[in-house]
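Numbers in the working numbering are just positions in the sequence shown, counted from 1, shifted up by 297. All C-beta atoms, glycine included, are put in the ideal place defined by N, C-alpha and C.
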Amino acid sequence: SPSTYFARYLTIQKDVATNFYTSYTDTGRLLDDYKIDLYNVAAYAQYEVQATEALRVVGGLRYDRVQYNFANNLSGSQTTKKAAQNTVYNIVAPKLGLTYALGETQGLYANFSTGFQPPETSSLYSSRQTIALKQANFTNYEAGGWLALLGRKLYADFSVYQMEGRNEIVSILQADNTTQSENVGATRHQGVEYSLTYAPVSEVNFRFSGTNARHTYVEYSEVVQLKTRDYAGNRMLNAPTWIANGEVFYKPRFVPGARVGLEWQHIGAYYTNTANTKQYGGYDLLNLRLGYRLPQPSLRGLEVWANVVNLTNELYASIVTSNQYGTTYQASAPHTYTLGVGYTFAGKAKE
Numbered sequence: 298s299p300s301t302y303f304a305r306y307l308t309i310q311k312d313v314a315t316n317f318y319t320s321y322t323d324t325g326r327l328l329d330d331y332k333i334d335l336y337n338v339a340a341y342a343q344y345e346v347q348a349t350e351a352l353r354v355v356g357g358l359r360y361d362r363v364q365y366n367f368a369n370n371l372s373g374s375q376t377t378k379k380a381a382q383n384t385v386y387n388i389v390a391p392k393l394g395l396t397y398a399l400g401e402t403q404g405l406y407a408n409f410s411t412g413f414q415p416p417e418t419s420s421l422y423s424s425r426q427t428i429a430l431k432q433a434n435f436t437n438y439e440a441g442g443w444l445a446l447l448g449r450k451l452y453a454d455f456s457v458y459q460m461e462g463r464n465e466i467v468s469i470l471q472a473d474n475t476t477q478s479e480n481v482g483a484t485r486h487q488g489v490e491y492s493l494t495y496a497p498v499s500e501v502n503f504r505f506s507g508t509n510a511r512h513t514y515v516e517y518s519e520v521v522q523l524k525t526r527d528y529a530g531n532r533m534l535n536a537p538t539w540i541a542n543g544e545v546f547y548k549p550r551f552v553p554g555a556r557v558g559l560e561w562q563h564i565g566a567y568y569t570n571t572a573n574t575k576q577y578g579g580y581d582l583l584n585l586r587l588g589y590r591l592p593q594p595s596l597r598g599l600e601v602w603a604n605v606v607n608l609t610n611e612l613y614a615s616i617v618t619s620n621q622y623g624t625t626y627q628a629s630a631p632h633t634y635t636l637g638v639g640y641t642f643a644g645k646a647k648e
């Protein structure tokens with residue numbers, strides 16, 4: 298799939314008294330101007346066997362080949378990149394899974410898998426990117442279970458996991474407030490994941506899910522003010538220890554096709570720098586979701602909905618990063634209203 302990208306230099310005006318950026322001027326000079334053709338070939342094989350009445354074993358093997366063909370429209374002193382280059386990533390990823398049923402309403406499972414992540418083209422070929430990037434590789438171990446109670450009205454599942462990363466790609470804030478992507482020697486991600494759904498009656502549904510995790514650098518160092526700082530054992534930046542999401546839905550019987558939902562989103566506190574000296578407290582959001590599927594036979598399948606995201610108009614930042622020169626906040630939108638219309642063409646629409 299082809300894609301193009303260009304970026305121009307801007308001159309920024311700043312009010313030093315208030316410390317706010319007030320305006321900018323487009324210089325017309327290009328920072329980047331390139332085209333990329335992406336080729337991705339994948340093959341996957343899986344074998345499943347019912348070892349016993351309760352035990353099921355699944356094995357899989359996946360091969361991926363990702364190729365970027367880069368063509369630079371800038372030349373000479375205009376760019377730091379070559380006129381053209383091809384970058385290829387290959388990975389063979391095995392997977393093994395076990396599932397053991399403890400009856401019709403409960404069971405256990407365990408999984409082992411590997412994976413990879415190639416660098417994004419915006420990082421790989423940007424003129425601002427001065428560090429060569431490698432593909433990231435991951436090894437994941439997971440075990441968990443599920444349980445249904447109260448006549449299947451209550452359903453819960455849980456898991457514990459550990460993922461080992463090698464050459465994981467992170468974004469580091471520079472002194473000039475630009476970012477630079479770098480490979481981390483080794484990382485470790487450990488945590489628990491859980492979800493709970495409860496439908497006491499057909500009109501009401503509760504859902505809650507979350508993860509509590511610890512993300513750490515195992516091998517990583519940076520050069521800060523001409524000194525090498527070893528951050529092995531530190532928490533990874535922008536990695537909350539708790540992420541949660543809950544929702545309650547109501548479908549009134551006296552208004553067939555209508556639904557009202559209130560959603561809660563939580564992002565916990567996290568470190569904003571690799572030295573673990575600065576933190577952001579996270580945020581909580583409420584979202585309101587309304588929908589109505591028209592019951593008339595001639596209009597069946599037609600649905601309208603309205604959402605209010607950030608219902609209480611919270612002031613928060615989606616990403617916060619810090620360095621020795623200060624902290625950068627990426628402010629998120631205030632309360633946002635969306636309206637939509639959908640239509641189901643095939644089959645009978647479900648209430």
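Item	Value
Residue 451 vs residue 495 beta-carbon contact at 8 angstroms	yes
N- and C-terminal bounds of the alpha helix (DSSP H) containing residue 421	418-421
Closest by C-alpha distance to residue 426, when choosing among 499, 480 and 626	480
Beta-carbon spacing of residue 521, residue 459 below 8 angstroms	no
Three-pair Cβ contact test at 8 angstroms for the segment 427-436 versus the segment 394-403	no
Three-way DSSP call (helix, strand, coil) for residue 621 in this model	coil
The segment 582-593 contacting the segment 500-519, beta-carbon criterion three pairs below 8 angstroms	no
Secondary structure of residue 562, DSSP reduced to three states	strand
Where the beta strand (DSSP E) containing residue 585 begins and where it ends	580-590
One or two residues paired with residue 632 in a DSSP bridge	BP columns for residue 632 are empty, so no partner.
Own chain residues within Cβ distance below 8 angstroms of residue 331, not counting five before or after	301, 302, 303, 367, 368, 369, 370, 371, 378 and 422
Collapsed DSSP secondary structure at residue 375 in the structure displayed	helix
Cβ contact check for the segment 358-367 and the segment 400-408: 3 or more pairs under 8 angstroms	no
When 606, 523, 574 and 434 are compared against residue 562, the one with the closest alpha-carbon	606
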